[in-house]
Every structure is written in structure tokens, then in C-alpha cells.
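S.K.:
Residue numbers (the UniProt record's numbering): 1 to 442.
The structure is reproduced here in C-alpha cells:
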């Protein structure tokens with residue numbers, strides 16, 4: 001190597017210089033009367049030895065400086081030294097190593113930053129649980145959903161009624177589970193998976209929480225819409241000729257002169273009843289076609305307060321029940337289809353007014369608008385009527401289901417479809433006064 005040859009040549013030169021200086025000193029000491037020469041020879045020997053020591057120790061110093069820089073994480077050091085002594089080759093080699101280390105550090109930093117950004121932005125909530133039961137909210141989704149928890153231990157999550165206490169205690173690599181997790185104050189079906197990873201020499205449990213309530217609602221409504229579409233199509237195909245024949249028969253019977261024959265009168269009444277009921281069934285089935293024809297929401301951003309005030313004015317014109325609006329944050333903004341969403345709220349207010357008017361001494365419907373967290377808005381419609389029995393709450397949004405004597409079972413099912421089309425949820429719970437409370441979260 002160039003460095004080896006240059007270093008050896010320099011070393012030989014310096015050894016020769018030391019030898020010559022030593023020989024001169026010995027000669028001057030052996031020769032009388034050369035005091036000045038002895039001093040010069042001694043100085044030359046010291047200088048030659050220092051020159052030799054500097055040459056031999058320079059490699060160690062440069063390598064030591066290189067190792068010290070690495071130890072302190074300082075990759076900005078330079079080692080190039082021009083001068084023809086051979087150390088320029090060593091400096092170039094050390095500088096090359098520094099450049100490679102800087103490139104590797106930059107690549108690792110960029111990769112780490114990218115991985116962290118992906119972790120932060122992934123929509124699935126990620127929680128880390130160490131061996132001591134300390135929980136870390138590892139990304140934005142987790143902080144958005146569970147930042148309200150006041151502590152950092154599993155027991156804190158259980159005490160906060162998040163629904164996660166049991167999930168955080170699951171063993172690593174447990175089978176995925178679907179559980180109810182409290183999100184924005186409402187129970188949401190969520191898929192929980194548990195894995196494990198080694199972090200700084202310690203085993204850490206990795207828990208992912210993925211809310212799937214919207215997907216479940218969308219799949220359920222799609223299945224209901226498909227079922228309604230098929231049923232209405234088949235029933236309409238079957239009932240159309242029956243209705244036509246019944247109306248024709250009723251017309252023919254009406255043309256028959258009345259002669260007092262009781263059998264003829266009964267036949268005429270039966271045919272007319274059949275025609276009316278057939279037409280009623282046609283109308284009944286046709287009304288359910290609305291469920292499978294929900295329009296696509298046309299989203300725009302609007303201020304909630306004036307929109308809600310307009311709903312109260314419109315609903316009050318057709319209701320004898322007082323309607324009260326509560327809004328603690330008047331500047332809330334919402335991105336939705338204001339017309340479609342208004343129809344949902346008006347329908348809920350109408351149902352609440354009818355329920356309260358039939359049972360409460362001072363019937364009232366209250367609309368509450370508030371922030372639900374995570375950039376969402378909660379709109380509550382609560383009445384002080386008798387409420388809905390808990391056993392029926394899971395059925396009120398089903399097509400064809402109604403608790404009203406003259407109801408069609410279309411309104412709430414259609415309302416839920418509109419809310420789900422906005423990416424939101426519509427749920428039913430008991431209000432503070434014991435009546436029904438519908439929560440729309442968008």
C-alpha cells in the first residue's frame with residue numbers, strides 16, 4: 001500500500017537521523033575540545049528522536065481521534081492531511097469511512113422518520129403495553145380516541161370505562177376479537193388484535209384497535225336494501241295483476257243491478273274489499289322503495305347553529321310540542337349535506353314530539369348540538385315521553401319495524417341510511433328524563 005511504503009520510508013529516514021545524531025554526539029564526547037559540537041549533537045539527537053516519535057505516534061493519534069469522534073457521534077470530523085508523508089492516504093481512508101457512516105446515518109434517520117410518520121398517520125389506533133402494565137398511546141389515532149383517559153396504566157383504562165380494560169390484558173398473539181369500545185361517548189364495535197415485539201431488550205405488547213362500526217352499519221344497510229329491493233320487486237310483480245283483476249271485478253260488480261239478492265251483495269262487497277286491500281298493499285310496498293334509493297350526500301361546510309335554528313322553526317310549525325335548542329359552542333362547523341341531514345333531524349323531532357305528546361304532562365323535545373371529539377359533531381334529539389324498551393332498541397332501525405299503530409317502518413331506517421352515508425352513526429339510548437334520546441354523530 002502507498003501508506004505502508006511512505007510510512008516505512010519516513011520511518012527509515014528518521015531512524016537514520018537519530019543514528020547520525022547519536023554517532024555525532026558519541027564522536028564529540030570522545031574528542032576533547034569540542035564542547036560546542038557536543039551541545040549541537042545532543043540537540044540534534046533530541047530533535048531527531050522527537051521527529052521519530054511524532055512520526056510513529058501520528059497514526060495512533062489519528063485513529064484515536066477517529067474512534068473518539070465515533071464514540072461521541074460526531075461524524076463531521078476531517079482527517080485529510082496533504083504533505084507527502086503518507087498520512088494523506090490514512091486521512092483519506094478515515095474520511096471515506098466517515099462519509100459512509102454519515103450516509104448510513106442519514107439513510108437510517110430518513111427510514112426511521114418515514115416509519116414514524118407512517119405509524120403516526122395510520123388510521124388504526126396503536127397502543128403499547130410494557131411488562132409493568134404501562135400503556136403508551138403510540139400514534140395520533142390512539143391519542144384521538146383515548147387521550148381522555150387520565151392515567152397510563154391498564155387499570156386507568158378499565159376505570160375510565162373505555163371498554164379496553166379486558167383487551168389490554170389479553171395475552172400476546174391472542175385471536176382477534178370484536179368488542180365494544182367507548183368512542184366519543186358511544187359504544188362502537190371495534191376489532192382488537194394483540195401481538196408482541198422486543199423494545200430495548202424488553203418484550204412489549206402491541207395492541208391495535210380498529211373501529212369497524214361504520215363498516216358493519218354499511219354492510220347491514222346494504223344487505224337490508226338488497227333484501228327490500230328484491231322483495232318489493234317480486235311482490236309488485238305478483239300484486240300488479242291481482243290488483244288489476246280485483247279492480248276490474250269490482251267495476252263489473254258495480255255495473256250489476258241491485259236486485260236484493262244477499263249473495264250478490266256479499267260478492268260485491270268482497271270484491272270491492274279485495275280491490276282496496278290489493279291497492280293498499282301496492283302502496284305499502286311501493287313506499288319501501290325509498291329505502292333502496294337513498295340519494296348521495298352532497299357535502300359542504302356550514303355553521304351548525306343557524307342550521308339547527310332553522311330546523312327548530314320548521315319543525316315547530318307542524319308540532320304542538322315545544323322544541324328547545326341547546327348549543328354550548330355556537331361556532332361549530334360541519335361538513336355534510338344540510339338538506340338530507342335536516343330531514344333526518346326533523347323526522348326524529350316529529351317522532352319525539354308524538355311520543356311525548358301522548359304520555360308527558362308537559363311534553364318537550366330538546367335538540368342538543370356539541371363537539372364529539374375527533375373533529376366530529378354530536379346532535380342529540382331527546383324527548384320526555386315513555387322511551388323505547390331496551391328489548392326493542394335493536395329493532396327500531398330495521399325496515400318494516402314500527403311501534404306506531406299507523407307507522408310504516410320507513411322513517412328511522414331511512415334516517416339511519418342517510419347518517420351512515422355521511423360516515424356517521426345513529427344510535428338510540430334512554431334520555432335523562434326517561435324518554436328516548438337519538439344520537440347523531442357525524
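Cβ atoms here follow ideal geometry from the backbone N, Cα and C, with glycine treated the same way.
#1: Tell me whether residue 379 sits in a helix, a strand or coil according to DSSP, three-state version.
#2: Whole angstroms are fine: how far does the CA of residue 9 sit from the CA of residue 29?
#3: Where does residue 397 fall in DSSP's three states?
#4: Tell me whether residue 111 sits in a helix, a strand or coil according to DSSP, three-state version.
#5: How many Å lie between residue 327 and residue 386 at the Cα?
#6: Straight-line CA distance for residue 315 to residue 275?
#7: Rounded to the nearest angstrom, what separates residue 45 and residue 200 at their Cα positions?
#8: Evaluate residue 321 with the Cβ neighbour count: other Cβ atoms within 10 Å of its Cβ, from every protein chain shown; 16 or more gives buried, anything less gives exposed.
#9: I believe residue 176 touches residue 192 by the beta-carbon criterion, under 8 angstroms. Please report the beta-carbon distance rounded to the nearest angstrom.
#10: Between which two residues does the alpha helix (DSSP H) holding residue 355 run?
#11: Just how far apart, CA to CA, sit residue 367 and residue 106?
#12: Alpha carbons only, please: which of 246, 361 and 32 is nearest the one belonging to residue 280?
#13: Classify residue 102 as buried or exposed, calling it buried when 16 or more other Cβ atoms lie within 10 Å of its own Cβ.
#14: What residues match up with residue 208 in a beta bridge as DSSP calls it?
#15: Look at the Cβ atom of residue 383, then the Cβ atom of residue 435, and state whether they are nearer than 7 angstroms.
#16: Cβ of residue 348 within 7 angstroms of Cβ of residue 312?
#17: Hey, how far is the Cα of residue 207 from the Cα of residue 128?
#18: Taking Cβ positions, are residue 188 and residue 178 nearer each other than 7 angstroms?
#19: Comparing C-alpha positions only, which one of 168, 216, 203 and 218 sits nearest to residue 194?
#20: Out of 154, 324, 318 and 357, state which residue places its alpha-carbon closest to the alpha-carbon of residue 305.
#21: Under 6 angstroms Cβ to Cβ from residue 250, same chain only, skipping five residues before and after it: list those, please.
#22: Grouping DSSP H, G and I as helix and E and B as strand, with all else coil, what is residue 442?
#23: For residue 356, which residues of its own chain have a beta-carbon under 8 angstroms away from its beta-carbon, when the five flanking residues on both sides are left out?
#24: Would you call residue 157 buried or exposed, if buried means 16 or more other Cβ atoms sit within 10 Å of its Cβ?
#25: By the 10 Å Cβ neighbour count, where 16 or more other Cβ atoms means buried, how is residue 417 classified, buried or exposed?
#26: I'd like to confirm the pairing. Which residues does DSSP put opposite residue 327 in its beta bridges?
#27: Can you look up residue 303 in the DSSP assignment and give me helix, strand or coil?
#28: Cβ atoms of residue 172 and residue 196: under 7 angstroms apart, would you say?
#29: Give me the Cβ distance between residue 458 and residue 308, rounded to the nearest whole Å; I'm assuming they're in contact under 8 angstroms.
#30: Report the three-state DSSP secondary structure of residue 82 (helix, strand or coil).
#31: Suppose contacts are defined by Cβ-Cβ distances below 7 angstroms. Is residue 204 in contact with residue 155 by that definition?
#32: Please report the straight-line C-alpha distance between residue 114 and residue 441, rounded to a whole angstrom.
#33: Could you check if residue 333 is buried or exposed, using at least 16 other CB atoms within 10 Å of its CB as the buried criterion?
#34: Using beta-carbon positions only, say whether residue 52 and residue 14 come within less than 7 angstroms of one another.
#35: What do you get for residue 439, buried or exposed, if any count of 16 or more other CB atoms within 10 angstroms of its CB means buried?
M.R.: Straight from the coordinates:
#1: By one-based count along the chain shown, residue 379 stands at place 379. Correct three-state label for residue 379: strand.
#2: What you label residue 29 is simply residue 29 of the chain shown in a count that begins at 1. What you label residue 9 is simply residue 9 of the chain shown in a count that begins at 1. Looking at the two C-alpha atoms, the distance is approximately 30 angstroms.
#3: The count along the chain shown starts at 1 and reaches residue 397 at position 397. If DSSP states are grouped into helix, strand and coil, residue 397 belongs with coil.
#4: Residue 111 sits at position 111 when you count from the first residue of the chain shown. Look at residue 111 here: in three-state DSSP terms it is helix.
#5: Looking up residue 327 in the chain shown gives position 327. Looking up residue 386 in the chain shown gives position 386. Cα-Cα distance, rounded: 25 angstroms.
#6: Working through the chain shown from its first residue, we reach residue 315 at position 315. Working through the chain shown from its first residue, we reach residue 275 at position 275. So the two alpha carbons sit approximately 37 angstroms from each other.
#7: Locating residue 45 in the chain shown gives position 45, counting from the first residue. Locating residue 200 in the chain shown gives position 200, counting from the first residue. The straight-line gap from Cα to Cα measures roughly 57 angstroms.
#8: Along the chain shown, one-based indexing puts residue 321 at 321. So residue 321 ends up on the buried side.
#9: Counting from one through the chain shown, the residue named residue 176 turns up at place 176. Counting from one through the chain shown, the residue named residue 192 turns up at place 192. 7 angstroms between Cβ atoms; contact.
#10: Residue numbering aside, residue 355 sits at position 355 when the chain shown is read from its first letter. For residue 355, the enclosing alpha helix (DSSP H) stretches over residues 338 to 357.
#11: Taking the first residue of the chain shown as position 1, residue 367 is located at position 367. Taking the first residue of the chain shown as position 1, residue 106 is located at position 106. Each residue's Cα considered, the two are about 56 angstroms apart.
#12: For this step, residue 280 is matched to residue 280 along the chain shown. That would be 246, whose Cα lies nearest to the Cα of residue 280.
#13: Start at 1 with the first residue of the chain shown, and residue 102 comes out as number 102. Classification of residue 102: exposed, given that the 10 Å Cβ count is below 16.
#14: Taking the first residue of the chain shown as position 1, residue 208 is located at position 208. Partner(s): 126 and 193.
#15: On the chain shown, residue 383 is found 383 positions in, with the first residue counted as 1. On the chain shown, residue 435 is found 435 positions in, with the first residue counted as 1. Going by C-beta atoms, residue 383 is nearer than 7 angstroms to residue 435.
#16: Here residue 348 refers to the residue found at position 348 of the chain shown. Here residue 312 refers to the residue found at position 312 of the chain shown. No, the pair does not count as a contact, with Cβ atoms beyond the cut-off.
#17: Translated into the one-based positions of the chain shown, residue 207 becomes position 207. Translated into the one-based positions of the chain shown, residue 128 becomes position 128. Roughly 6 angstroms between the two C-alpha positions.
#18: By 1-based counting over the chain shown, the position of residue 188 is 188. By 1-based counting over the chain shown, the position of residue 178 is 178. Taking 7 angstroms as the Cβ cut-off, residue 188 and residue 178 do not qualify as a contacting pair.
#19: Sequence index remark: in the chain shown, residue 194 carries index 194 (1-based). For the residues 168, 216, 203 and 218, the minimum Cα distance to residue 194 belongs to 168.
#20: Locating residue 305 in the chain shown gives position 305, counting from the first residue. Among 154, 324, 318 and 357, the Cα nearest to that of residue 305 is on 324.
#21: Translated into positions along the chain shown, residue 250 becomes position 250. If we look at residue 250 and ignore the five residues flanking it on each side, its Cβ neighbours are 271, 272 and 275.
#22: Position 442 of the chain shown, counting from 1, holds the residue named residue 442. Coil at residue 442, not helix or strand.
#23: For the purposes of this step, residue 356 is identified with residue 356 of the chain shown, where counting begins at 1. So the list reads 321, 363, 364, 365, 383, 384, 385 and 435, once near-sequence residues are dropped.
#24: Here residue 157 refers to the residue found at position 157 when the chain shown is read from its first residue. Buried.
#25: Along the chain shown, read from residue 1 onward, the residue named residue 417 stands at position 417. With 16 or more other Cβ atoms within 10 Å, it is buried.
#26: Position 327 of the chain shown, counted from the first residue, corresponds to residue 327. Per DSSP, 369.
#27: On the chain shown, position 303 is the one that residue 303 refers to. Reduced to three states, the DSSP call for residue 303 is strand.
#28: On the chain shown, residue 196 is found 196 positions in, with the first residue counted as 1. On the chain shown, residue 172 is found 172 positions in, with the first residue counted as 1. Against a cut-off of 7 angstroms, the Cβ pair of residue 172 and residue 196 comes out as a contact.
#29: With the chain covering 1 to 442 only, the question about residue 458 has no answer from this structure.
#30: Mapped onto the chain shown, residue 82 falls at position 82. With a pLDDT of 47 at residue 82, under the threshold of 50, the predicted position of this residue should be treated as unreliable, and no value is reported.
#31: In the chain shown, counting from the first residue as 1, residue 204 sits at position 204. In the chain shown, counting from the first residue as 1, residue 155 sits at position 155. No, they are not a contact pair.
#32: Along the chain shown, read from residue 1 onward, the residue named residue 114 stands at position 114. Along the chain shown, read from residue 1 onward, the residue named residue 441 stands at position 441. Going by the C-alpha atoms only, they are around 33 angstroms apart.
#33: Here the question's residue 333 lines up with position 333 in the chain shown. That one is exposed.
#34: To locate residue 52, count along the chain shown from 1; it is residue 52. To locate residue 14, count along the chain shown from 1; it is residue 14. Yes, the Cβ-Cβ distance between residue 52 and residue 14 is below 7 angstroms.
#35: Here residue 439 is taken as the residue at index 439 of the chain shown, counted from 1. Buried: at least 16 other Cβ atoms inside 10 Å.
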